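Note that the protein sequences, when read in sequence, are chains A and B. The numbering used here numbers the first residue of the first sequence as 1 and each following residue consecutively. The numbering used here numbers the first residue of the second sequence as 1001 and each following residue consecutively. First the structure, in the form of structure tokens, and then the observations on it.
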Amino acid sequence: MVTYIIRRLIWAAAMLTIVSIVTFAIFFLVPRLAGATPESLATRYVGRTANAEQVKIAAEKLGFYDPLVVQYGRFAKGIVAGSEYDYGPGVEQCPAPCFGYSFLTRLPVWPDLLDRVPVTMSLALGAAVIWVLAGVATGVVSALRRGSFFDRAAMTVALGGVSLPIFFTGMASLVVFSYGYPFEITAPGGSFTPFFENPVDWAYSLILPWITLAFLYAAGYARLTRAGMLETMNEDYIRTARAKGLAERTVVLKHGLRGALTPILTIFGLDVGLLLGGAVLTESTYSLPGMGKYAIDAINSQDLPKVMGVVLFAAFFVVVANLIVDLLYAVVDPRVRLS
Amino acid sequence: MTAPLDVPATPTDPAPVPTVAGVSATAIQGRSLGQIAWMRLKRDKIAIAGGLVVIFLILVAVFAPLIVGLFGHDPIQFNSDLIDSSTMAPKDGTGISAEHLFGVEPVNGRDIFSRIVYGARISLLIAFLATLLSVVIGTLLGVTAAYFGGLVDSIISKTMDVFLAFPILVFAMALAGIIPDDAFGLTGDTLRVALLVFVIGFFNWPYIGRIIRGQTLSLREREFVDAARSLGARGSYVIFREILPNLVAPILIYATLLIPTNVVFEASLSFLGVGVRPPTPTWGGMLSDAVRFYTMPYFMLFPGMAIFITVLAFNLFGDGLRDALDPKAR
Chain A
1 MVTYIIRRLI WAAAMLTIVS IVTFAIFFLV PRLAGATPES LATRYVGRTA
51 NAEQVKIAAE KLGFYDPLVV QYGRFAKGIV AGSEYDYGPG VEQCPAPCFG
101 YSFLTRLPVW PDLLDRVPVT MSLALGAAVI WVLAGVATGV VSALRRGSFF
151 DRAAMTVALG GVSLPIFFTG MASLVVFSYG YPFEITAPGG SFTPFFENPV
201 DWAYSLILPW ITLAFLYAAG YARLTRAGML ETMNEDYIRT ARAKGLAERT
251 VVLKHGLRGA LTPILTIFGL DVGLLLGGAV LTESTYSLPG MGKYAIDAIN
301 SQDLPKVMGV VLFAAFFVVV ANLIVDLLYA VVDPRVRLS
Chain B
1001 MTAPLDVPAT PTDPAPVPTV AGVSATAIQG RSLGQIAWMR LKRDKIAIAG
1051 GLVVIFLILV AVFAPLIVGL FGHDPIQFNS DLIDSSTMAP KDGTGISAEH
1101 LFGVEPVNGR DIFSRIVYGA RISLLIAFLA TLLSVVIGTL LGVTAAYFGG
1151 LVDSIISKTM DVFLAFPILV FAMALAGIIP DDAFGLTGDT LRVALLVFVI
1201 GFFNWPYIGR IIRGQTLSLR EREFVDAARS LGARGSYVIF REILPNLVAP
1251 ILIYATLLIP TNVVFEASLS FLGVGVRPPT PTWGGMLSDA VRFYTMPYFM
1301 LFPGMAIFIT VLAFNLFGDG LRDALDPKAR
């Protein structure tokens, strides 16, 4: 078990390194291939008002004339050990982990990013609780009463649910419930109250995004759970469990559902990891100031250090979520440890 | 999220001709697997309905200029005369008339019907090409990994793991947002479409790749592959002539189910403002325009429904196709 954990940890570290290389390549290698020069890259950092001389100085300062490998080395070193930024009038310290420095606001990216974490986390985890409970319960009941009215109705709704893009359901929910049109139930969209400030306002500001986001995922989970349950409930061990006289409830929950849940666990880990890195669409639909909103705002203002920071941070969540799922798997399923 | 992870258990390999006990074999017509699947599919009314809608949407996309020409409203032409200059809303609220079937946009009065019709072009073009790209990369690498095994398999499998760990949407957003408007010798819509196809297709291939790898692993051990090898067939012959034909069914199923995912992906990127640039009409772009006009919900309804109907139709058809080609997965 210990060697398994160590192996997974090494793999996670390797994965993060690869992701950081790819991210770096996207921001510095791909534009070069697309025809950008060190000067034109530097223009994005100093703004279009700078003259050619200033741009040259900026490109020099940012090290854009160095080989890409050297540039990547500097970038990676910043994350691990911190670095300093010389922006003209003075030198700023950027302590580790230094994800770079916004050249629009002249603030380091990392503290900015940390500010956004509670919003995204509240959104993702709250929605996750709802969708797992709703999705799995619906899937189990559908599978047990296969072909019934409930099954057909639930699966129709679920198919509709997976076919609706979140930004459309989100907008529709805002029109109906938040702008006071046509109903006068007003849930505040676009505001966020931290949990520790006022838990009631916190939940109130998130209730619409939670339900909309959870609906999309619950639909998918219901379909998956149903398919999984239909398969496991036909297994021989279910017949054995019934034959030895176990209560149907025990058979379904402890034997059937348990088998059906393992693949769902994997997907759940990935989904939550991805959402923690920024629920871009949900956040931008509801104007929630989370990491996804941060990312899209940064892209629209072409503030590249911010974009890079958020991309790497998002990848970090996915890798960690993967790691946790792998470790949980090893606990649940002993075969994994041995392979 | 709804990535296809369930693997169909039976690939279509040379199957025995079905015989029914008690009936002489001469009385029975041998049916190919394709015919059997088609018979099953025909009975699935919902899947057929989905398929018909898909065909309809493709026709709309292909003949968009003709359809729009029938009504004579260019998708990017302003109709300020239909707009109330004080409220910026269409004069009668929506502008829906025999002339403008879906009404006109607030402020500039562009014809929504024309924009939806042209939006189908961008949406389907990108979704189809991106799916094609994913399928080609996924199949080639999946088969290669499984067939050769060993180090090749480890490298390809680990690459898939890395890809699956990428926050795809954020990456795609960053990549689509960072490329200048003039790159790789392309400009304008051509560049944006090519870019989106590449971004969407490139990040999605591991889903197909994993399924194909799994299928190939089991096919590789089958007798007909052994037979081909013992007759002296080379690797490429075995892959292309023995294994690939047996992968047609899963490829077809997952390609059909990947298209709606890509439709939503493209719409999402356009909604976020990193897709094909305005004024070229896209469904996602129309929805993001509609955000500001929430007091006129008819505006968001049409692009939203267009996406919904397209995705639903492909999902229904894809589900039906899976049931028809692979009854065990049901």
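Note that beta-carbon positions come from the ideal geometry of N, C-alpha and C, so glycine has one too. Since this is a predicted model, take the numbers as computed values, not measurements.
- Ranked by Cα distance from Pro-95 of chain A, the options A:Thr-105, A:Leu-261, A:Leu-104 and A:Glu-84 are led by A:Glu-84.
- Taking 7 Å as the CB threshold, Val-136 of chain A stays off the interface with chain B.
- Under the Cβ distance rule, Leu-1312 of chain B counts among the residues neighbouring chain A, one pair being separated by less than 7 Å.
- Considering only beta carbons, the part of the segment 1259-1273 of chain B lying closer than 8 Å to chain A consists of Pro-1260, Val-1264, Ala-1267, Ser-1268, Phe-1271, Leu-1272 and Gly-1273, in chain order.
- Counting only Cβ-Cβ distances below 7 Å, Gly-277 of chain A has contacts in chain B at Pro-1167 and Val-1170, in chain order.
- Counting C-beta pairs with one atom in each stretch, the segment 1136-1155 of chain B and the segment 1210-1229 of chain B have three or more that are closer than 8 Å, which means they touch.
- Where Lys-61 of chain A is concerned, the enclosing alpha helix (DSSP H) starts and stops at 52-61.
- Taking the beta carbon of Tyr-1147 of chain B as reference, no residue of chain A falls within 8 Å; the closest one sits roughly 21 Å away.
- Around Met-1173 of chain B, the beta-carbon contacts reaching into chain A at under 8 Å are Val-280, Ala-295, Ile-296 and Ile-299.
- For Val-318 of chain A, the neighbours in chain B by C-beta distance under 9 Å run, in chain order, Leu-1164, Ala-1165, Phe-1166 and Pro-1167.
- Distance from the Cα of Phe-1171 of chain B is smallest, within the candidate group A:Ile-5, A:Val-320 and A:Val-310, for A:Val-310.
- Judged by DSSP secondary structure, Asn-1204 of chain B falls within the alpha helix (DSSP H) whose first and last residues are 1188-1220.
- Nearest C-alpha to Trp-1283 of chain B among B:Phe-1163, B:Asp-1181, B:Arg-1222 and B:Ala-1127: B:Ala-1127.
- In the DSSP assignment, Ser-1114 of chain B falls within the alpha helix (DSSP H) that extends over 1112-1148.
- By the 16-neighbour rule on beta-carbons within 10 angstroms, Met-1039 of chain B is exposed.
- Pairing Gly-1318 of chain B with Leu-1257 of chain B gives a Cβ-Cβ distance under 7 Å.
- The CB of Asn-1315 of chain B comes closer than 9 Å to the CB of Leu-159, Val-162 and Ser-163 in chain A, given here in chain order.
- For Pro-1065 of chain B, the enclosing alpha helix (DSSP H) covers residues 1064-1071.
- Per DSSP, the unbroken alpha helix (DSSP H) holding Leu-230 of chain A starts and ends at 199-232.
- Distance from the CA of Asp-1226 of chain B to the CA of Ala-260 of chain A, rounded to the nearest whole angstrom, comes to 35 Å.
- Just so you know, the alpha carbons of Thr-212 of chain A and Leu-270 of chain A end up roughly 19 Å apart.
- Taking 7 Å as the CB threshold, Asn-51 of chain A stays off the interface with chain B.
- Think of a sphere of 9 Å around the beta carbon of Phe-1308 of chain B: the chain A residues whose beta carbon falls inside it are Gly-160, Ser-163, Leu-164, Pro-165 and Phe-168, in chain order.
- Sorting A:Leu-68, A:Ala-172, A:Gly-82 and A:Tyr-65 by C-alpha distance to the C-alpha of Met-1296 of chain B places A:Ala-172 at the top.
- Not flagged as an interface residue toward chain A: Met-1160 of chain B, since no C-beta distance is shorter than 7 Å.
- Taking all protein chains shown into account, Ser-148 of chain A has fewer than 16 neighbouring C-beta atoms within 10 Å of its C-beta and is therefore exposed.
- Nothing from the segment 1194-1216 of chain B brings a Cβ to less than 8 Å from some Cβ of chain A.
- Proximity of chain B to Ile-130 of chain A at the Cβ level (cut-off 8 Å) is not reached, the minimal Cβ distance being about 15 Å.
- Within the same chain, Pro-1206, Gly-1209 and Arg-1210 come within 7 Å of Met-1160 of chain B by CB-CB distance, once the 5 residues on both sides are set aside.
- When the Cα atoms are used, Ala-1249 of chain B and Phe-313 of chain A turn out to be separated by approximately 39 Å.
- Fewer than three pairs of CB atoms, one per stretch, sit closer than 8 Å, so the segment 1261-1278 of chain B makes no contact with the segment 1102-1114 of chain B.
- In the DSSP annotation of this structure, Ala-34 of chain A is not part of any alpha helix (DSSP H), being labelled neither H nor E.
- Pairing Leu-276 of chain A with Ala-153 of chain A gives a Cβ-Cβ distance that is not under 7 Å.
- When Cβ-Cβ separations below 7 Å define contact, Asn-234 of chain A makes no contact with chain B.
- Between the segment 1303-1322 of chain B and the segment 1053-1060 of chain B there are three or more C-beta pairs closer than 8 Å, enough to call the two in contact.
- Using a Cβ-Cβ cut-off of 7 Å, Pro-1297 of chain B counts as an interface residue toward chain A, since at least one Cβ of chain A sits closer than that to its own.
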